[in-house]
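Novice: In the UniProt record's numbering, the protein residues as written are 1 to 398. All C-beta atoms in this analysis are idealised placements derived from N, C-alpha and C, irrespective of residue type, glycine included.
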Amino acid sequence: MDIFKAIGDSKGPSTIRTVEMHTSGEPTRIIISGFPTLEGETLLGKRRYASERHEIDRIRKWLMREPRGHEGMYGGILVQETELTRSGEADIGVLFCHNEGYSTMCGHATIALGRFLVDSQDTEVFPRRKALQLQTNNDRETFTVLRLHAPCGVVNVYVPTTLEGTSDITKPVRFRSVPSFVSSPEHGISLDVPSDIAWPKLIERTAHNKAPLTISMEVAYGGAFYALVNSAELGFTGLRGSDLDYKELAEAARIIRILLNNNPQARQSFRHPHEPDLGFLYGVTVVDSAMPSIGLSQDEKSETGICFFADEQIDRSPTGSCVSARVPLAVDRGRLSYGGVVVQFPGNAFRGRAVERMEKGYIVEIEGFAYYTGAATFTPPQKGIDAMGEGFELKLPV
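1. Return helix, strand or coil for T206, following the three-state DSSP convention.
2. What residue range is occupied by the uninterrupted beta strand (DSSP E) comprising I32?
3. With burial defined as no fewer than 16 other Cβ atoms inside 10 Å of the residue's Cβ, what is the status of D122: buried or exposed?
4. Just curious, the beta strand (DSSP E) that E300 is in, first and last residue?
5. Would DSSP call A290 helix, strand or coil?
6. Rounded to the nearest angstrom, what separates A90 and S183 at their Cα positions?
7. Just to confirm the assignment, what range does the alpha helix (DSSP H) spanning C322 have?
8. When DSSP labels each residue in this structure, what does R353 get in the three-state scheme?
9. Touching or not, the segment 272-282 and the segment 52-63, by the rule of three or more beta carbon pairs under 8 Å?
10. Check whether the Cβ atoms of I258 and E233 sit closer than 7 Å, and answer yes or no.
11. Quick check on DSSP: helix, strand or coil for H70?
12. Any idea if Y282 is buried or exposed, counting beta-carbon neighbours within 10 angstroms, 16 or more meaning buried?
13. I'd like to confirm the pairing. Which residues does DSSP put opposite Q313 in its beta bridges?
14. The beta strand (DSSP E) with R174 in it runs from where to where?
15. Which same chain residues, not among the five before or five after I189, have their C-beta less than 6 Å away from its C-beta?
16. So, at 7 Å on beta carbons, what are the nonlocal neighbours of D315 in its own chain, with the 5 sequence-adjacent residues on each side left out?
17. For H187 and V219, I'd like the C-alpha separation in whole angstroms.
18. Report the option in S180, R129 and V118 whose CA atom is closest to the CA atom of residue 406.
19. Which stretch, first to last residue, makes up the alpha helix (DSSP H) that contains T373?
20. Tell me whether K46 is buried or exposed, calling it buried when 16 or more other Cβ atoms sit within 10 Å of its Cβ.
21. Starting from T82 and walking both ways along the alpha helix (DSSP H), at which residues does that stretch end?
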């Protein structure tokens with residue numbers, strides 16, 4: 001018996017097929033077939049249905065977690081029909097998923113999905129693929145526009161395309177998401193950190209100048225809400241040294257998230273103005289702005305950051321939706337004019353710029369590169385027999 005062929009050709013009702021990609025090192029497991037039909041009149045309703053139904057969320061867990069995934073795995077579940085595809089406002093929908101549940105926006109996965117959906121000619125996977133049109137801009141660059149319905153709204157994705165109709169790997173994919181805006185007060189948010197839960201670097205910083213255990217941060221929205229805090233506020237000298245203690249940094253981010261969620265005044269900063277399902281703190285990003293700006297214009301700046309999101313998951317990429325949030329923050333605080341923010345990170349950088357002022361915030365354009373890493377067929381764990389196959393997380397003590 002050819003086991004490889006038997007599994008690869010399996011057509012069981014619970015067999016999941018995926019295309020595997022990465023964007024700046026952050027994986028996207030694109031689920032192209034086998035995921036159950038999600039009930040709900042709206043995409044947010046389908047997201048709610050997926051998270052509340054054990055038999056559905058069980059699939060997310062065994063796809064994202066070990067032994068099939070890992071603590072940093074990220075997924076995109078294609079939703080062929082939503083209320084906005086029916087109205088003609090979108091071409092296809094997606095639900096993003098991770099180790100904890102389902103997010104509302106994801107930039108790195110959007111970049112990967114843009115490439116994949118342009119490359120795909122399978123109308124079962126993408127029924128409206130043939131409706132996509134090649135366009136040419138003023139620089140005579142050929143690209144395809146994809147209207148992706150994410151839980152936060154429609155995201156316009158611009159995919160450089162060859163004359164053969166496939167994505168051009170040599171050029172970055174761009175996307176423009178929903179309006180991004182700063183939601184914290186002009187002076188930011190100050191948090192008092194109880195001494196019994198403070199991390200060592202913060203205690204060292206405050207002991208040096210006999211200051212209270214208080215840290216300042218901002219909150220901004222880029223399709224999801226992020227708390228943004230400078231590494232120096234937390235007692236770290238930056239994010240690039242070999243002596244950086246990632247465990248301590250992760251613990252600091254975890255404590256910040258708990259304190260923000262338990263602070264009624266701070267919670268006002270991640271209330272969405274229109275949709276309650278979008279009103280939650282998705283991640284905490286520690287920022288290092290002390291980055292060299294070689295080769296950049298005066299209207300551009302360089303910075304990096306590490307994003308901790310969901311259940312202490314670490315984004316390997318610069319976090320596209322967080323870059324969308326960081327741009328309006330930089331513009332509103334006078335650190336950036338209409339230009340760009342280059343987020344330097346191991347591998348490829350993301351580039352972000354404000355392209356349109358809105359009544360509340362800005363439309364931000366993000367660009368980056370995504371690459372294929374493979375394709376896979378996953379079979380479900382046998383209930384009552386393969387307990388570990390249901391998905392598990394291995395977390396070392398802090």
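Specialist: In short, the structure shows the following:
1. Reduced to three states, the DSSP call for T206 is helix.
2. Counted as a single uninterrupted DSSP element, the beta strand (DSSP E) harbouring I32 occupies residues E26 to S33.
3. D122 is exposed by the Cβ-count criterion.
4. Note, E300: beta strand (DSSP E), E300 to F309.
5. Assigned with DSSP and collapsed to three states, A290 falls in coil, not helix or strand.
6. Those two C-alpha atoms are separated by around 27 Å.
7. C322 -> alpha helix (DSSP H) spans G320 to D332.
8. For R353, the secondary structure class from DSSP, reduced to helix, strand or coil, is strand.
9. With the cut-off at 8 Å, the segment 272-282 and the segment 52-63 do not touch.
10. No, Cβ-Cβ distance for I258 and E233 is not below 7 Å.
11. Taken through DSSP and simplified to helix, strand or coil, H70 comes out as coil.
12. Under this definition Y282 is a buried residue.
13. Beta-bridge partners of Q313 (DSSP): F309.
14. Start and end: V173 to R176.
15. These residues qualify, in order along the chain: M217 and A266.
16. Within the same chain, Cβ atoms closer than 7 Å to the Cβ of D315 are found at E26, C307 and F309, the five residues on either side in sequence being excluded.
17. Taking C-alpha positions only, H187 is separated from V219 by approximately 11 Å.
18. Nothing can be reported for residue 406: it is not among the residues displayed for the chain, which extend from 1 to 398.
19. Membership of T373 in any alpha helix (DSSP H) is not indicated; the residue belongs instead to the beta strand (DSSP E) covering A370 to F378.
20. A residue is called buried once 16 or more other Cβ atoms fall within 10 Å of its Cβ, and K46 is buried on that count.
21. For T82, no alpha helix (DSSP H) encloses it, and the DSSP letter there is neither H nor E.
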